[in-house]
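Here the structure is laid out as structure tokens; the discussion comes afterwards.
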Amino acid sequence: MKLTVTSATNPPTIPMMTNSMRKNSGYDVYGDVAPRAGGKFVRVDATIENVGQASMDLTCSWPIAVFAADATNRMFDPVDELYKLQGTPECNENLQPGFSSPMTYVFEVPESADVRIFGFADTKRDSEDPTFVVITPQTPGPIAPPVETDVTPELTAEPTYEAPIEAPVVSEEPPVGYTAAPTGEPTPLPGKEIDYCMNGPTYQTGTTMFTDGTTGWTQECAG
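And the structure:
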């Protein structure tokens, strides 16, 4: 037999089958069992490989003997009916040679017990010479809730565009045109300065706004 310890813990409760249905039948029911007052559980999870020549029962019969020992050399037996513990093999579900199986052992010990050793032996071969494994049972912690991150998408402002401002027509010479509707030949308009040309479908080509607020027609805006 080859036994490998995978974990050692101090769970507050253990899941035990509460009805008499066959394990893994879909009808088996489990409930959490707490230790008696003043006690605590030591759970040892392991993998067992049958390297012998015959099958072996892991939960209800021999040849495997196990115990836990504390710092004062007190030795503790596993709890009864290990086959009712969730995750262990069914009673008389023998492990055949050449196969491996997970196995869980639970010990009920005083709260003050400092359990440090897990021992096991194949009673057919080495019952007087057990193997000792140093363990440090850990208390399982609560599962941390997932961290939610609030991601707010960055808002990008819509680009704004400003219409280009037409520069006013600046002329050193007086504009040539009319202060009203065109009649005759255009003539210089002393004292008038062009503010801007009034373009658009509603205006006659050449319509001009002067800086004094009046309008007229000029060659500058007509060109």
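Numbering (the numbering used here) for the sequence shown: -10 to 212. From the three backbone atoms N, C-alpha and C, an ideal C-beta is built for every residue, glycine too.
Under the three-state reduction of DSSP output, K29 falls in the strand class. Taking C-beta atoms as the reference points, R32 and T77 fail to come closer than 8 Å. In terms of Cβ geometry, V98 and A57 form a close pair [threshold 8 Å]. Here W206 is bridged, per DSSP, to Y167, T196.
If you look at R105, you'll find it in the beta strand (DSSP E) that goes 104 to 111.
Bounds of the beta strand (DSSP E) holding V22 are 19 to 22. DSSP places L84 in the strand class (E or B) of the three-state scheme. The Cβ atoms of P164 and T207 lie closer than 8 Å to each other. A direct Cα-to-Cα measurement between G27 and T(-2) gives close to 17 Å. P52 is positioned such that its CB atom lies no closer than 8 Å to that of T120.
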